[in-house]
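**Q**
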DNA sequence: ATCTAGGGTGAATGCGCTTTCAGAAGAGGG
DNA sequence: CCCTCTTCTGAAAGCGCATTCACCCTAGAT
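Residue numbers (the numbering used here), protein chains in the order written: chain Y, 760 to 1105; chain V, 760 to 1105.
(1) Buried or exposed: which applies to residue 920 (chain V), given that a residue is buried once 16 or more other Cβ atoms fall within 10 Å of its Cβ?
(2) Using a 10 Å radius around the Cβ and a threshold of 16 neighbouring Cβ atoms, would you call residue 1082 (chain V) buried or exposed?
(3) According to DSSP, is residue 1110 (chain Y) part of a helix, a strand, or is it coil?
(4) Run through DSSP, which three-state label would residue 780 (chain Y) get?
(5) Under 8 angstroms Cβ-Cβ, which residues of chain Y neighbour residue 1048 (chain V)?
(6) In the structure shown, what three-state DSSP assignment does residue 1085 (chain Y) receive?
(7) Are there three or more Cβ pairs, one per stretch, closer than 8 angstroms when the segment 856-870 of chain V is compared with the segment 862-881 of chain Y?
(8) Taking Cβ to Cβ, would you say residue 1012 (chain V) is nearer than 8 angstroms to residue 1068 (chain V)?
(9) Between which two residues does the alpha helix (DSSP H) carrying residue 851 (chain V) extend?
(10) Quick one: what's got a C-beta closer than 7 angstroms to residue 1103 (chain Y)'s C-beta in the same chain, skipping five residues either side?
(11) Could you run through the segment 862-887 of chain V and flag, in chain order, every residue whose CB is less than 9 angstroms away from some CB of chain Y?
(12) Is the beta carbon of residue 1017 (chain Y) less than 8 angstroms from the beta carbon of residue 962 (chain Y)?
(13) Mapping DSSP to helix, strand and coil, what is residue 1045 (chain V)?
(14) I need the boundaries of the alpha helix (DSSP H) containing residue 914 (chain V), first residue and last residue.
(15) Between which two residues does the alpha helix (DSSP H) containing residue 805 (chain Y) stretch?
(16) Quick one: which residues of the segment 1044-1077 of chain Y get their C-beta closer than 8 angstroms to a C-beta of chain V? List them in chain order.
(17) Since residue 1090 (chain V) contacts residue 926 (chain V) with CB under 8 angstroms, what's their CB separation in whole angstroms?
(18) Give the interface partners of residue 905 (chain V) over in chain Y, defined as CB-CB distance under 7 angstroms, in chain order.
(19) To be precise: take each residue of the segment 809-827 of chain V, compare its Cβ to all Cβ atoms of chain Y, and keep it if any distance is under 8 angstroms. Which residues remain?
(20) Going along chain V in order, which residues have a C-beta closer than 7 angstroms to the C-beta of residue 852 (chain Y)?
(21) Check this for me: beta carbons of residue 884 (chain V) and residue 816 (chain V), under 8 angstroms apart or not?
(22) Please work out which residues of its chain come closer than 7 angstroms, Cβ to Cβ, to residue 1062 (chain V), disregarding the five sequence neighbours upstream and downstream, and give them in chain order.
(23) Report the neighbours of residue 860 (chain V) on chain Y: residues whose CB is nearer than 9 angstroms to its CB, in chain order.
(24) Contact criterion: CB-CB distance below 8 angstroms. Does residue 807 (chain Y) meet it with respect to chain V?
(25) Taking only the alpha-carbon atoms, compute the straight-line gap between residue 917 (chain V) and residue 960 (chain V) and give it to the nearest angstrom.
(26) Taking only runs of the beta strand (DSSP E) that begin and end inside the segment 1019-1071 of chain Y, which ones reach a length of at least 3 residues, in chain order?
(27) Between which residues of its own chain and residue 1099 (chain Y) is the CB-CB distance below 8 angstroms, once the five residues before and five after are set aside?
(28) Can you find a CB in chain Y that lies within less than 8 angstroms of the CB of residue 1009 (chain V)?
(29) So residue 855 (chain V) and residue 1074 (chain V) are supposed to be a Cβ contact under 8 angstroms. How far apart are they, rounded?
(30) If we count Cβ pairs, one from each stretch, closer than 8 angstroms, do we get three or more for the segment 928-940 of chain Y versus the segment 994-1001 of chain Y?
(31) Which residues of chain V have a Cβ atom closer than 9 angstroms to the Cβ of residue 924 (chain Y), listed in chain order?
(32) Strictly below 8 angstroms CB to CB, what residues from chain V border residue 797 (chain Y)?
(33) Under 9 angstroms between beta-carbons, which chain V residues line up against residue 849 (chain Y)? List them in chain order, please.
(34) What three-state label does DSSP hand residue 1104 (chain Y) in the structure shown?
(35) For residue 894 (chain V) and chain Y, any beta-carbon pair shorter than 8 angstroms?
(36) How would you list, in chain order, the residues of chain V whose beta-carbon sits under 8 angstroms from the beta-carbon of residue 970 (chain Y)?
Written as structure tokens, this is what we have:
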């Protein structure tokens, strides 16, 4: 910058003005400065700018990555396992990026499950004006510290820290509506629910919705999911589906899986076993991933507006950067039931 | 930081050392500092650190986003159009993020097609140690300037600036191999090629591969694709497929689409028209997106290692950050033919 | 011709941290 | 008990920019 100033015969203050407030500089001077900058290959230092102006123009996102970056796993299995989280966090990223761009922000992302002063989380926190956290990716303790210095919004999951902004989708409502549809509209009475890990708050919320629907309909209310998947992948979906078939007793008339990935896996397993969907058994998912539309039969599911989660997160951050005093916000985004063939519709 | 220093009874230099080189500080002192930092909610300023140390620990990525962020398009159409680019740039992002994390970097991303001193591109460039650019997202002129200050690697597309590192996939080789397979192994002679926009270097390279295969086999060598899609989407794939059917003259025995999205769209259009694949006509794609495995019939295609593109980009950047003197590198990643039912295999 | 505005510019200060360069405090050897 | 060698810590000088304040110049008003 000093070089540019010298070369164009102005002071560094003027060079700064050319970039910050172009209109406050005479057009002729401005051109001279820009030309000098071009010749010298000048790239303004974001660090210096940020330091001086106390703002970075960057928003951050921390998301989980279940895949070990050092693992050189078999390509096929790898891509399959990844799809589950990719479809989710990638859409968040896309949503945030889009909304951020609309507001003139760039997006700094890092996947991480660990905290501490050396972690990527700390690095991200120090370089952004505000940031979003996917549930269970940053230790609560770190969030406490960080949220004292800059706006933080929590996406999905439980509200670990009550003074943070928080966004979730209506998991329970969606699953409840889905179950109601199966019970009332299709007349199914023996339903099974396949859940996820106990630590998955989304899966738990969906199970709660299922319970409510059972209660609403006067059916027996289960205490826990009929089965839990280790990971919410297609492979686990297939496994649990088969386990359900092999169980003693009456076969359920319908199975609600806690997400689409598992439901898709189940569809394949059932086909292999010669069980017809939906004639012999209805199958549903949750998420509304693109895949759900394509499989045979097309999957009845609940669409969550994942991308909007990201967009709303940015909106909240931007809002809070504008006025930091207001009360913490807690948003719940609506979901929508998508009726397709796998439950007997269409 | 001054507060932390005061509270823990040390100088700011020691606080700095606690974060930069923990081992150089006595354990007892270190604990005292960290405790004070926790109490005060201290978050180190990445800007100041970057300014002082002349390094950010962040890598950047600029990618195109064809969707206008202001558009509130119909959700269904929107998601379909997006899928094409999402599947690509999202995998790049994922690959880069993963590799970056392995090296201790965070990733700063921004979608943009414009340049200039006010653009997001400039902002990104000023905040990273090095960055990757997807072809045709940043004006060459800006790249010239930026690449004088920090390492830049170009992903896909033609090599616009010859002193930049550059990574592509073997588009031509892949399509050539694919066409060879159709010609030799399946005995097809009348093949049609559906290309993309003229400005799509990937699509053009694939067409070149197709030509080579024709030449190799002694078939007539076309000067241009039989048809060009406006955008490489499913909708355009369906449209071009129908146009091909409605043409006068002999129907082709096989159609090679420049990417999977179009091929999938074509599959649907052909099904609607009662044309059997592969019995009546063979169909192939390019990219190896997840969708290609799921459609009926499963799509014969060429898998490109998209995620590896991102990973390699990071590797190149990291390498160049280590020793900046070496010659510009140009990598071509191999692709692999995936034979599935849509060409008559399996 | 003198005075007043007001746009355009420069000098100087500080943003919060890293990083020498010394100096202070312990640890051992003579 | 003194001296040297480590180990640990502090003082101070920037890093490259934004921003305030003062200043100069030109143009219009008196």
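Positions of the beta carbon are idealized from the N, C-alpha and C atoms, including for glycine.
**A** In short, the structure shows the following:
(1) exposed
(2) exposed
(3) Outside the displayed range of chain Y (760 to 1105) lies residue 1110 (chain Y), so it cannot be described from this structure.
(4) coil
(5) Near residue 1048 (chain V) there are no residues of chain Y at all, since even the closest Cβ is about 10 angstroms away, more than 8 angstroms.
(6) coil
(7) The count of Cβ pairs closer than 8 angstroms, one atom from the segment 856-870 of chain V and one from the segment 862-881 of chain Y, reaches three, so the stretches are in contact.
(8) Cβ distance not < 8 angstroms, so residue 1012 (chain V) and residue 1068 (chain V) don't count as in contact.
(9) From DSSP, the alpha helix (DSSP H) with residue 851 (chain V) extends over 850-861.
(10) Closer than 7 angstroms at the Cβ level, and outside the excluded window around residue 1103 (chain Y), lie 945, 1037 and 1041.
(11) 863, 864, 865, 866, 867, 868, 869, 870, 871, 876, 877, 879, 881, 882, 883, 884, 885, 886 and 887
(12) yes
(13) coil
(14) It is not in any alpha helix (DSSP H) - residue 914 (chain V) instead sits in the beta strand (DSSP E) that spans 911-914.
(15) 805-812
(16) 1049, 1050, 1053, 1054 and 1055
(17) 5 angstroms
(18) Within chain Y, the residues near residue 905 (chain V) are 802.
(19) 809, 810, 815, 816, 817, 824 and 826
(20) Chain V residues near residue 852 (chain Y): 852.
(21) no
(22) Excluding residues within five positions, the ones whose Cβ falls inside 7 angstroms are 1047, 1094, 1095 and 1097.
(23) 824, 828, 869, 870, 871 and 879
(24) yes
(25) Going from the Cα of residue 917 (chain V) to the Cα of residue 960 (chain V) covers about 7 angstroms.
(26) Correct list: 1041-1043 and 1060-1062.
(27) Counting only Cβ-Cβ distances below 8 angstroms, and skipping sequence neighbours, we find 1051, 1052, 1056, 1057, 1058, 1059, 1060 and 1105.
(28) Not one chain Y Cβ lies under 8 angstroms of residue 1009 (chain V).
(29) In fact, because the Cβ distance is near 10 angstroms, the residues do not count as touching under 8 angstroms.
(30) no
(31) Correct list: empty, because the minimum Cβ distance to chain V is about 18 angstroms.
(32) 904
(33) 845, 849, 850, 852 and 853
(34) For residue 1104 (chain Y), the three-state secondary structure derived from DSSP is coil.
(35) no
(36) The premise fails here: residue 970 (chain Y) is roughly 30 angstroms from chain V at the closest Cβ pair, so nothing lies under 8 angstroms.
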